[in-house]
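Below: one structure, written as structure tokens.
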Amino acid sequence: MSHEWKIKSIIIILIIFIMIAGGIPLYKHRHFNITIVAGPGVTKVVKLSEYCKSLKGTMADTNVFILEGKKEGGKALIMANTHSNEPASLLTALIFVENAIVEKGTLIIIPQFNNSGGRNTRPGDGYPLYFEIQTDWGKKKFRMGNREASPLDQWPDPDVYIHYPDRQLLSFIDIRNTNRTWPGRPDGPLMERVCYAAMEIMRSEKVDIAIDLHGAETMFPVTNCIVAPEKSMRIATLTSLTVKAMEGFENHVEPSPEGFRGLSHREIGDYSDTMPFLLEAPVPFLDQPTGPKTMDLLLNGKDPFLLSLSKQGKLFVPYDETGWPMRKRVGQHCSVILELFRQFSRKFSDKAIIVRNVPRYAEVVKNGVGHYYHDPKKADKKRIYYN
Amino acid sequence: MKRLSKVGFFGFFLTLLFFGLIVLNSEEIPKAQLPVITTSAGQSPDVTTVNIICEEAGVMYDYCDVVTPEMLKDGVGLGDRKSAPGFHVEVHTDLNKFPKGTPYKTIIIAIGASLKGMGASGLTVETELERLKKVINYCKKNGIFIIGVHIGGSSKRGAPGSDNERMIDAVAPYADYLIVTTDSNKDGRFTEIAKEKGIPLTEVKYALEVVDIFKKVFGTK
Amino acid sequence: MYFKIGIILAVMVIAYALAKWRRLSVELSIFTSAIAGGLVGAIFGNPPFNQLARHLVEGSFTYLDVILIFSTATIFMAIVSESGSVNYVVRIIIKYFYNKRIIALLLLMIIILIPGALTGAGSVSLLVVGAPVALALNYLGIPKRKVAAILFIVAGLSAAAPPVNIWAMILCAGTAIPYVGFELPLGIPVLLLGSFTVLLLGWKKEGKMTLKEALKEIPEVPPRMRWWRVLLPFLVFFGLVAMYRIWPFSTPILGLPLEFTISALIAFLISPKKINILILSRDTIKKLLPLLATMVVVGMLQQIMTATGVRGLLSFAVISTPLILLFISLAFIIPVSEGILTYGGAAVIGIPLVWYFDSIGLHATVVMAGLSLLWPLGDGLPPTALIGRLSVMVSEYKESYWTFLKSTWIPWIVITIVGILMVVFSAKLSFLVQWSM
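Protein chains in written order, with numbering that gives the first Met the number 0: chain A, 0 to 386; chain B, 0 to 220; chain C, 0 to 436.
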């Protein structure tokens with residue numbers, strides 16, 4: 000073997016080693032399941048594919064938790080992990096799934112709405128693969144996902160995404176983004192089918208309000224807010240004013256732009272009788288000018304670059320040395336959801352949605368997010384779900 | 000958990016009520032008359048909040064984000080104008096009590112600048128200020144009661160000469176009544192204007208309290 | 000944190016410089032820099048040692064789609080070229096437009112603009128039509144250095160041209176703005192700047208070749224070559240692209256790599272000359288390998304820079320710059336970010352910049368259009384220099400890379416000024432967006 004070939008062989012072996020050492024964690028991440036303990040309020044768990052048959056057997060299929068109240072009332076749908084790199088949404092949804100008891104009405108919760116995105120990583124962005132939440136019984140491990148579905152599940156992308164049905168041109172990446180593929184269609188690309196299935200839930204179950212949980216950069220003007228179209232504006236505004244007055248946190252209202260298609264807060268309202276709301280909590284981790292993308296940054300939201308930018312007035316949320324801890328973000332989501340229910344019930348008393356046993360902002364901030372998750376080891380095996 | 004949160008809420012409500020009563024008693028709340036029109040000074044979304052507060056207070060109103068003296072002249076119903084991109088009209092006034100064309104008695108102006116909002120309405124800061132000047136002149140001439148509302152907090156304030164401050168300059172000194180949140184009046188600017196011009200001012204801690212203020216002002220329940 | 004990240008950045012720069020000094024290729028130098036950054040980062044705890052391999056592997060997939068487009072487009076064009084179509088087209092252009100120089104130049108510019116405008120990749124323009132256009136420009140008496148310069152600038156503009164502009168799409172996806180209203184804010188400057196460039200650099204005829212001599216120089220084409228054999232593969236490609244635009248809800252999504260592959264098969268099947276497709280593909284990929292490798296290692300570099308905080312530090316430095324200085328420094332920041340991170344620059348620098356500009360009353364869509372005139376310039380800058388290297392490759396310019404780059408200076412400066420002015424006066428230019436919709 001010549002000298003050149005010896006060097007080439009060493010390099011090939013080295014590359015194969017790196018590929019295996021680097022590939023195994025990525026494979027494990029894609030196939031890691033999060034354990035969910037169905038709480039006392041969960042009366043039924045179905046698959047999203049029940050509402051769109053073509054989802055069956057795909058990575059996009061996901062669990063739908065249904066919590067039916069003792070009395071009939073309004074119906075609400077909560078979707079989380081529409082963007083799986085905004086994890087406060089998933090953590091909030093799981094607090095509801097594991098704790099909520101519905102007195103009146105029905106709650107439908109999809110904790111991992113873009114399940115494929117939750118099993119995807121974000122090449123080039125150096126995210127951690129997992130994050131852990133401290134609970135009263137140990138640490139609960141979660142996958143860190145991506146904004147878009149995995150190309151392993153939906154590929155190739157077109158050169159430009161043409162939104163169905165409005166034909167608005169969107170970025171090619173957005174064909175895998177479940178907050179651009181609303182209202183969807185049953186035979187479209189996989190993510191359009193995911194949105195279609197959710198629309199079918201709303202149409203067939205006659206859902207009154209739909210809440211899509213998100214997170215956004217602190218440098219993004221539409222953060223720390225409720226995005227609502229005209230039909231949801233009154234309830235959103237009253238919710239915003241009430242949480243500010245009663246619980247002391249800001250959560251302003253942003254109008255849903257009429258000219259921007261494919262978003263849940265726009266299309267759900269336009270293509271069903273449901274009132275949509277999209278909740279944004281700040282996620283410093285997602286901002287570009289931050290230090291290393293670590294689990295600590297994800298959970299605590301403390302970053303010296305952002306602190307400096309805050310002092311320069313370049314952030315859209317108040318930001319100080321305490322950062323934006325996960326407990327604050329999840330607490331806000333919990334309170335805003337409960338307040339949306341309350342305001343809706345005030346306006347439509349015959350369709351009231353009354354939920355108890357879900358903590359509000361101050362309680363989550365005080366006790367931490369993990370306090371509300373149950374130990375799967377101690378739970379009834381029949382109540383455990385993996386996704 | 001449920002009990003804890005209920006007790007907390009009850010306590011909070013009492014506190015709110017207490018402070019609310021202090022606020023209501025400490026300032027004389029002027030009376031205003033219907034019909035009323037709402038508009039924006041600076042095209043921030045705060046005017047939507049004001050509209051919803053009106054609804055909560057049982058105050059039926061007409062609304063135009065870019066109202067002009069000509070439209071005010073047309074009175075209730077705003078001359079049957081229709082909404083268009085960058086131009087929003089809503090008519091909620093009780094037409095049985097106040098038929099179309101009835102002159103407005105009160106205007107509520109939500110102060111707060113948004114470059115995006117102004118851009119969407121085809122306005123610049125200059126043209127918006129010009130519009131406000133004309134509207135205020137018309138109101139003064141025709142005895143329309145002007146209520147200036149600033150509930151956007153510190154995000155709708157800025158350095159002297161900034162867009163937000165120019166909107167305040169355009170409206171606050173000419174108002175007949177000012178309602179502001181504590182966050183909006185941190186530097187006491189509205190207090191100063193009110194003192195200097197002899198304008199009644201109500202400062203509330205939270206925008207939600209404006210519902211009760213409006214009930215008092217318009218005598219609704 | 001500033002200090003630690005500063006050290007990592009310094010180590011990455013030193014590692015790159017040392018690798019270049021040891022005469023390693025651009026790709027290996029970038030790889031060395033990524034490894035060095037990752038190792039020093041791991042010493043400081045970010046990324047952890049046991050995650051280093053994962054970050055490298057994950058990062059290497061960042062531009063997988065771009066790599067596939069590059070590969071398939073180049074093989075497609077290699078088949079077209081091998082069949083004799085390229086020489087056939089060049090011969091026709093020279094024959095009919097040799098004495099109508101302005102028309103010839105503008106026509107050639109349009110030919111370069113179309114593939115890039117449709118696919119969003121200037122590289123596709125060069126790979127698909129670069130070689131015949133370069134030959135035609137040569138026969139029009141333009142020296143290879145200037146030919147490479149024209150190709151570089153116009154191919155860059157083609158990537159920025161509507162309807163598909165990948166920088167604008169990345170920005171739209173990242174800033175939650177629909178990808179609409181770009182036709183005029185991008186189309187007008189691209190056409191004006193493109194025309195300016197080809198006329199400026201191509202006006203002067205420097206060779207002494209007559210039409211007869213030029214025609215003699217152009218290699219002979221196979222006797223069975225006809226117009227339909229030239230056009231059909233392109234019609235298939237553009238037809239597939241157009242089909243999705245016209246019937247988006249009933250056309251299956253093929254993606255550009257498959258569309259190029261289908262077109263390549265058509266070109267192969269109708270070629271008047273027998274082509275050994277395996278050998279041709281192998282040779283083409285071999286030629287393209289440095290560029291493909293660059294895309295792989297740039298993804299790794301970007302991942303390591305993010306995992307260590309270096310990317311955030313650079314983004315922070317840009318966003319912290321005072322406004323006036325920021326406007327001026329766009330001339331450097333934007334191209335340099337492209338030179339280092341290719342499309343990653345749009346996400347790292349572009350997204351926070353657009354939000355910031357939007358918050359001070361500038362018009363986001365026009366800002367994006369202005370910035371996306373500046374990004375392609377960075378494709379001529381090291382370490383990646385993607386379009387620059389391709390321009391040199393297809394024009395067969397053999398002299399120093401810097402001499403080629405220097406000859407682009409006038410259009411470079413004009414484009415920079417236009418791009419920055421579009422950003423600064425974006426609010427006043429917003430009517431272009433309205434008119435586009």
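Just so it is clear, CB atoms sit at the ideal spot from N, CA and C, and this is done for glycine as well.
Where A:P24 meets chain C, residues with beta-carbon distance less than 7 Å: R53
B:N24, buried or exposed, once every other Cβ within 10 Å from all chains shown has been counted against 16: With a pLDDT of only 44 at B:N24, under 50, the local geometry of the prediction cannot be trusted, and no value is derived from it.
Exposure label - C:N49; buried when at least 16 CB within 10 Å: exposed
Any chain A beta carbon closer than 8 Å to C:Q302: yes
Buried versus exposed, by CB contacts within 10 Å (16 or more), A:E320: exposed
Rounded C-alpha distance that separates C:A9 from C:G40: 12 Å
Test: B:C101 CB closer than 8 Å to a CB of chain A: Here residue 101 of chain B is Thr; the residue named in the question, Cys, does not match the sequence. Cβ-Cβ to chain A under 8 Å: no for B:T101.
Contact check, A:L314 vs A:T217, beta carbons under 8 Å: yes
Interface residues of chain A facing C:Y355 [CB-CB closer than 9 Å]: M218, K313
Residues of the stretch 143-158 of chain A with Cβ closer than 7 Å to any Cβ of chain C, in chain order: P155, D156, P157, D158
Entirely enclosed beta strand (DSSP E) segments - the stretch 200-241 of chain C, minimum 3 residues: none
Chain-ordered chain B contacts of A:M232 [CB-CB under 8 Å]: T47, I51
Contact set for A:A99: own chain, Cβ-Cβ below 7 Å, skip 5 residues either direction: G38, G40, L66, L106, V354, N356, V357
Contact list for the stretch 343-374 of chain C against chain B, Cβ threshold 7 Å: G360
Beta-carbon proximity list for A:E191, same chain, < 7 Å, skipping 5 on both sides: Y163, T180, G183, R184
Alpha helix (DSSP H) segments (min. 4 residues) lying fully within the stretch 72-131 of chain B: 114-119
Buried/exposed call for B:A83, threshold 16 Cβ in 10 Å: exposed
Check whether C:I13 and C:T307 have beta carbons under 8 Å apart: no
The stretch 321-339 of chain A in contact with the stretch 46-65 of chain A per 3-pair CB rule at 8 Å: no
Beta-carbon proximity check, C:S70 vs C:L255, cutoff 8 Å: no
CB contact below 8 Å: B:L207 versus chain A: yes
Under 9 Å from the C-beta of C:I339: neighbouring residues of chain A: Neighbours of C:I339 on chain A: none; closest Cβ ~13 Å, over 9 Å.
Chain-ordered neighbours of B:L114 on chain C, where CB pairs are closer than 7 Å: G360
Coarse secondary structure for A:H251, derived from DSSP in three states: strand
DSSP beta-bridge partners of C:S394: Per DSSP, none; premise fails for C:S394.
Proximity to B:P172 [Cα-Cα], best of B:T37, B:I110, B:D182, B:G157: B:I110
Own chain residues within Cβ distance below 8 Å of B:K220, not counting five before or after: G57, K214
Residue of A:A20, A:I33, A:M78 minimising C-alpha distance to A:H264: A:M78
Sequence-distant residues of the same chain with beta carbon closer than 7 Å to A:L93, five excluded per side: I35, P110, Y372
Short CB-CB distance (under 8 Å) between C:M294 and chain A: no
Contacts that B:E125 makes with chain A (C-beta to C-beta distance below 8 Å): In chain order: nothing, as chain A lies at least about 23 Å away.
3 or more residues per run - each beta strand (DSSP E) lying fully within the stretch 110-162 of chain A: 129-134, 137-142
is_contact[A:R166, chain C] using C-beta, thresh 8 Å: yes
Under 7 Å by beta carbon: chain C residues contacting A:T289: G311
Cβ neighbours of B:M70 in the same chain (closer than 8 Å, five flanking residues each side left out): C63, L77, G78, R80
Spatial neighbours of B:G152 in its chain, beta-carbon cut-off 7 Å, leaving aside the 5 residues before and after: T180, D182, S183
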